[in-house]
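Asker: My questions all concern the structure below.
Numbering (my numbering), first residue to last: 22 to 105.
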């Protein structure tokens, strides 16, 4: 059985952009995980309407990393990935 290794694709403080990047990659069958340093932020947003600060890590399978970078360099988010 192959071992899955994960790699950090990007850390960003904007959940909407993180989810949009996730959606772009999903269309190419590259699946990501979003990991927040403030997991309660979505609850606070839902119940209080506040938008607390959080850092979102977009994590990807290391085998898909370069392909994801290539795809995102052709997307509206290319400036986030130009130096990778």
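Backbone N, C-alpha and C fix where the C-beta goes; we use that ideal spot for every residue, glycine too.
DSSP three-state call for residue 16: helix, strand or coil?
Answerer: With the chain running from 22 to 105 in the structure shown, residue 16 is simply not present.
Asker: Buried or exposed for residue 37, please, with buried defined as at least 16 other CB atoms from any protein chain shown within 10 angstroms of its CB.
Answerer: Residue 37 should be labelled exposed.
Asker: Skipping 5 residues on each side, what residues in its chain have a beta carbon closer than 8 angstroms to that of residue 40?
Answerer: Contacts found: 55.
Asker: For residue 35, which residues from the same chain have a beta carbon less than 8 angstroms from its beta carbon, with the 5 sequence-adjacent residues on both sides left out?
Answerer: Here the set comprises 77.
Asker: If you run the structure through DSSP and keep just helix, strand and coil, what is residue 102?
Answerer: If DSSP states are grouped into helix, strand and coil, residue 102 belongs with the helices.
Asker: Would you call residue 29 buried or exposed, if buried means 16 or more other Cβ atoms sit within 10 Å of its Cβ?
Answerer: It is exposed - the Cβ of residue 29 has fewer than 16 other Cβ atoms within 10 Å.
Asker: Just confirm the distance between the C-beta atoms of residue 33 and residue 93, as a whole number of angstroms; I'd bet it's less than 8 angstroms.
Answerer: In fact, because the Cβ distance is near 12 angstroms, the residues do not count as touching under 8 angstroms.
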